[in-house]
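Worksheet: the structure to be examined is printed underneath.
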C-alpha cells in the first residue's frame with residue numbers, strides 16, 4: 001500500500017514524471033485505431049498496465065474527439081478519460097501515403113509488438129491480409145457492432161436484448177434506457193482479455209491472428225450467461241420489478257434524511273438485516289401467514305413487498321446517522337444513494353484517499369481527479385494515474401522511432417497536412 | 423466460419439463431445455473459489471478459451487447455487503449460465519482436512535497452473551502467504567466489494583456512484599436501479615484480464631503475485647474514465663435525461679406497431695437519419711431559429727426535444743415494415759425494442775444461426791440455447807458452447823489427478839462427508 005501512495009504522491013501534479021515501476025505489461029506495444037468507448041477503454045486498460053498503446057487518429061481528431069461531457073472550450077472530458085496513458089498520433093489515413101505510414105506503425109518490428117485493436121472495419125489499411133503481408137504474426141482484434149459488421153452501438157444493442165423493458169418502475173410506459181454504456185465497457189474489457197490471450201498463444205506458437213468481437217454478441221452472451229435466455233425458452237416471462245433485486249430481497253428505502261439501498265441476497269445479510277431492524281417477530285409472523293420460508297432467497301423475493309413494508313416502517317423516521325453505523329456494526333449490506341456531485345465532493349472513496357485516484361494536470365482541462373486501473377498488482381506494480389495526451393502529441397516521436405523517418409521527412413509530411421498534432 | 427459451424431453442429435445435443443480444437447488457453451489451470459457473478463464470469467471467460475477451470479464449492483453448493491432464475495425443480499439457470507465448461511469439485515472447506523485438500527488443488531504443480539480466482543476473503547485456506555508456502559509462484563486474484571474488504575455488491579455499489587439518480591424518466595421520483603449487474607460483469611472481465619497479465623509476467627520473471635480488485639473501484643474508475651468525475655469537479659450538474667442519449671441525438675420512438683431506438687451519434691448517422699425521414703428542410707429551419715449547428719453532436723443534444731418532435735411526427739404513423747428497410751438501406755443507426763421473449767423466439771441473432779450459440783443438453787435443465795465466448799479467435803479456435811457441470815461432478819477425478827488420492831482415500835472422504843458430489 002505504501003509504495004502506491006508514494007507513487008501517487010510523487011505523480012500528483014506532474015503528469016510528466018515517469019512511473020515508479022514500468023508496469024506488468026512493459027514492453028508490449030499495441031496500436032489502436034479506434035473511437036468511442038469499447039476499443040479505447042480496452043486499449044487504455046492495457047496502457048494502464050504498462051503497455052505502449054499508440055492511438056492513431058485523423059488530424060483534428062476522430063469521431064469521438066468532441067464527445068460530451070466537454071469543457072467550456074469544447075475539450076472532451078470523455079476523450080481525456082478514456083485515453084489516459086496512450087501515445088497520440090495524427091495521420092491522414094484517408095489518403096494512400098497516410099495509410100502506408102499507419103500500416104508501418106502497426107507492423108513495426110518488436111517481439112511484443114504487432115498488435116492492433118480497432119473498431120473500424122478491417123478494410124484497406126486495416127485489412128488483416130494486407131497487414132500480415134508486412135508482419136505475418138500480427139494480432140488484430142476487430143470490434144464490430146454486429147457480427148458480420150452491421151451498424152450498432154451500445155445504445156441500440158441494449159434495446160434489442162430486452163433490458164430496457166425490464167428496467168424502472170412498473171408504472172413507466174415503455175422502455176428505460178441505461179445511462180452507463182455497459183455493453184461498450186464489457187466489450188472493451190473483453191477485447192483486452194482477447195488480446196492478451198492471443199499474445200500468449202503467439203508466444204507459444206509464433207502465430208498471430210485476427211480476432212473478432214461483436215458488441216451485440218457480448219450482450220447476447222451475457223443474457224445467456226445470466227439465465228435470461230433459458231428462462232424465456234422455458235416460457236417464463238420476466239417482469240419489471242422496479243428497484244427490487246430480482247430473486248432475493250433488495251430495495252431502495254427513504255429514511256428521514258437520505259435514500260438507501262438495502263440488500264439481503266445471502267442468508268448472512270438477511271439475518272443481519274433482521275437483527276439491525278429488530279424484524280424477527282414480524283418476519284416469523286409473515287412466514288406463518290404466507291407459508292414461505294424467508295431464510296430462502298427465492299421466498300424473500302416472493303414476499304418482497306411485505307418485507308419492504310416492514311423495513312420501510314422501521315427506517316422512514318430514522319436518520320442515516322443512526323441507521324448507518326448500526327447497519328455497519330451488524331453487517332447489513334447497504335449503501336446510500338448519492339448524486340455524482342455528492343460522490344465527488346464528499347465520498348473518501350472518490351478522492352486521493354483511495355489509491356485508485358490521483359490529482360493530475362490534464363492538458364486542455366486543468367486539475368482533475370483521475371483514476372488508474374482498479375487492478376492492484378502486488379508485483380509488477382500498479383501504475384499511478386496519468387493524463388491523456390494532447391492530440392497528435394507523439395506523432396513525430398513515433399514516426400522517428402518506429403518508421404525511421406528523419407526530421408526533414410516529418411516536416412514535409414506536416415507541411416502537406418498528411419500528419420498533424422505534435 | 424465453416425469450422426465453427428461444424429464444431430457447433432457436432433456438439434449440438436451432445437455435451438460430452440470433445441471440442442474440435444483445444445482452445446487458445448489450453449494447458450492453463452485456474453482454481454475458482456467463488457460465488458455469484460464477478461468471479462464466476464471471469465473464470466468462465468478463461469474456461470471458454472480452453473483453460474481448465476476448477477470451481478470449488480461446499481458440498482450442496484455455495485451461496486449462489488439456488489440463485490434465480492430457477493427451474494420448477496429449483497435448479498438455477500443463473501448457476502448453469504455462469505459456470506459452463508468448468509470442473510466442479512465439492513469439498514467441505516469449513517474444516518481443516520477439507521481446507522488442506524483445497525489448498526493442495528490450488529497449489530498443484532504445473533507450469534501453467536497455480537492460479538487462483540476468488541471473491542472470498544484471502545484468509546485461512548485462501549491466505550496468500552499460506553498458499554505461497556506450498557507454491558511460491560502462485561498467482562491469486564481476490565475480488566473484493568470495497569478495497570480493504572468491505573461489504574458491497576453490485577446493487578449497492580451502483581447507488582453510491584450516482585448512476586441510478588441519472589437513470590429513467592425525469593418524472594420518476596427517486597432512483598432507478600439497473601437490472602443488469604454491470605459492475606459485477608465488468609469486474610469479472612477485468613479479473614480475467616488481470617490473471618492473464620499476471621501469468622504473462624510470471625512466464626517472463628518466474629514471479630507470482632496477489633492481485634486485488636474491488637468492485638467499488640471498478641465503478642469509480644469507470645465514472646472517472648467516462649468523464650463524470652471531472653465534469654462534477656468543474657461544477658456541472660449532470661441531469662436526468664430520460665431515454666435521450668447524452669451529448670448527441672438519440673431517443674426512443676413509437677412507430678405504428680413497434681418501438682424503436684434511433685441514434686445519431688456521428689455525423690454520418692445524422693445525415694442518414696435526415697435523409698431517411700426527409701428532415702433536411704425542417705432541420706435547416708430549426709438551425710435558423712435556434713442558432714445551433716445540428717451537424718455538431720453537442721448541438722443536436724441541446725436541440726434534442728425539437729429534433730425528437732420532428733422525428734416523432736415522421737414515424738408515429740408508419741409501420742416497422744416500412745421504416746426498418748428504409749433505415750437499413752440509408753444507414754440509420756437504430757434498433758427495435760424487444761422483450762427477452764421476442765428476442766429468444768424471433769431474433770435470428772439469438773439462435774443457432776448465430777455461431778455464438780448452440781443447443782446444449784444441460785444436466786438438471788434439459789435443452790437450452792447456450793452461448794460460447796463472444797471472442798471469435800481465428801487461430802486457436804473458438805470453442806463451441808458447452809454445458810455447466812453437475813455440482814461436484816469432478817471431485818473424484820480432480821482429487822485423483824491433482825492430489826494423487828486413491829479410490830480408498832476418496833471413498834473415505836465421501837463417507838465422512840468431507841467431499842460431495844461426483
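Residue numbers (my numbering), protein chains in the order written: chain Y, 1 to 422; chain U, 423 to 844.
Heads up, the beta-carbon is just placed ideally off N, CA and C, and yes, glycines get one too.
Closer than 7 Å by C-beta to residue i: which residues in its own chain qualify, once you throw out the five before and the five after it? Chain order, please.
i                      : result
residue 187 of chain Y : 38, 143, 213, 215 and 218
residue 35 of chain Y  : 62, 63, 64 and 119
residue 292 of chain Y : 299, 302 and 303
residue 415 of chain Y : none
residue 413 of chain Y : 419
residue 709 of chain U : 715 and 716
residue 201 of chain Y : 207
residue 437 of chain U : In this prediction, residue 437 of chain U has a pLDDT of 36, which is less than 50 and means its spatial position is unreliable; what the coordinates show is noted afterwards. Counting only Cβ-Cβ distances below 7 Å, and skipping sequence neighbours, we find 782, 783, 808 and 809.
residue 2 of chain Y   : Note that residue 2 of chain Y scores a pLDDT of 40, beneath 50, so its modelled location is shaky and nothing firm can be said.
Once you ignore the five residues that flank residue i on each side, which residues in its own chain have a CB closer than 8 Å to its CB?
i                      : result
residue 190 of chain Y : 42, 213 and 218
Tell me the residue span of the beta strand (DSSP E) that contains residue i.
i                      : result
residue 788 of chain U : 788–793
residue 650 of chain U : First-last for residue 650 of chain U: 650–655, but that is the alpha helix (DSSP H), not the beta strand (DSSP E).
residue 56 of chain Y  : 52–57
residue 254 of chain Y : 249–254
residue 90 of chain Y  : 87–91
residue 359 of chain Y : 357–362
residue 333 of chain Y : 333–336
So with CB distances below 7 Å, who are the chain U contacts of residue i?
i                      : result
residue 106 of chain Y : The contacting residues do not exist; residue 106 of chain Y stays about 17 Å from chain U at best.
residue 212 of chain Y : 798
residue 339 of chain Y : 584 and 587
residue 119 of chain Y : Chain U residues near residue 119 of chain Y: none, gap ~12 Å exceeds 7 Å.
residue 285 of chain Y : Neighbours of residue 285 of chain Y on chain U: none; closest Cβ ~25 Å, over 7 Å.
residue 231 of chain Y : 491 and 499
Just checking my contact of residue i with residue j at CB under 8 Å: how many whole Å lie between their CB atoms?
i                      : j                      : result
residue 259 of chain Y : residue 597 of chain U : 7 Å
residue 536 of chain U : residue 592 of chain U : Incorrect: roughly 53 Å between the Cβ atoms, too far for contact.
residue 90 of chain Y  : residue 392 of chain Y : 4 Å
residue 339 of chain Y : residue 656 of chain U : In fact, because the Cβ distance is near 15 Å, the residues do not count as touching under 8 Å.
Could you please give the first and the last residue of the uninterrupted alpha helix (DSSP H) stretch that includes residue i?
i                      : result
residue 217 of chain Y : 215–225
residue 410 of chain Y : 407–415
residue 290 of chain Y : 280–290
residue 103 of chain Y : 96–106
residue 304 of chain Y : 304–315
residue 130 of chain Y : 128–134
residue 44 of chain Y  : 38–47
residue 28 of chain Y  : Note, residue 28 of chain Y: premise wrong, no alpha helix (DSSP H); not H, not E.
residue 144 of chain Y : Per DSSP, residue 144 of chain Y belongs to no alpha helix (DSSP H); it is in the beta strand (DSSP E), 139–144.
Using a Cβ-Cβ cutoff of less than 6 Å, which residues in the same chain neighbour residue i once the five nearest sequence positions on both sides are dropped?
i                      : result
residue 404 of chain Y : none
residue 335 of chain Y : 261
residue 251 of chain Y : 243, 244 and 308
State yes or no: is the C-beta of residue i within less than 9 Å of the C-beta of residue j?
i                      : j                      : result
residue 359 of chain Y : residue 352 of chain Y : yes
residue 699 of chain U : residue 751 of chain U : no
residue 583 of chain U : residue 645 of chain U : yes
residue 530 of chain U : residue 576 of chain U : no
residue 320 of chain Y : residue 255 of chain Y : yes
residue 619 of chain U : residue 402 of chain Y : no
residue 82 of chain Y  : residue 647 of chain U : yes
residue 675 of chain U : residue 632 of chain U : no
residue 229 of chain Y : residue 772 of chain U : yes
I want to verify the contact list: residues of chain Y whose CB lies under 9 Å from the CB of residue i, in sequence order.
i                      : result
residue 755 of chain U : 145, 151, 152, 153, 155 and 156
residue 812 of chain U : Ordered by position in chain Y, no residue passes the 9 Å Cβ test against residue 812 of chain U, which lies about 16 Å from the chain.
residue 656 of chain U : 69, 71, 72, 77, 365, 366 and 368
residue 809 of chain U : Those do not exist, as residue 809 of chain U stays about 11 Å from chain Y at its closest Cβ, beyond 9 Å.
residue 668 of chain U : 68, 69 and 179
In chain U, which residues lie less than 9 Å from residue i when you measure between Cβ atoms?
i                      : result
residue 301 of chain Y : 490
residue 25 of chain Y  : 619, 622 and 623
Which residues in chain Y have a C-beta closer than 8 Å to the C-beta of residue i? List them in chain order.
i                      : result
residue 631 of chain U : 377, 378, 379 and 380
residue 805 of chain U : Those do not exist, as residue 805 of chain U stays about 12 Å from chain Y at its closest Cβ, beyond 8 Å.
residue 646 of chain U : 81, 357, 369, 370 and 371
residue 713 of chain U : Going along chain Y, no residue has its Cβ under 8 Å from residue 713 of chain U, so there is no contact; the nearest lies around 16 Å.
residue 719 of chain U : 66, 67 and 68
residue 594 of chain U : 168, 169 and 172
Are the C-beta of residue i and some C-beta of chain B separated by less than 9 Å?
i                     : result
residue 37 of chain Y : The structure shown contains no chain B; the protein chains it does contain are Y and U.
Under the criterion of a Cβ to heavy atom distance below 8 Å, does residue i qualify as lining the ligand GTP?
i                      : result
residue 160 of chain Y : With respect to small molecules bound, the structure shown includes none, and the ligand GTP cannot be examined in it.
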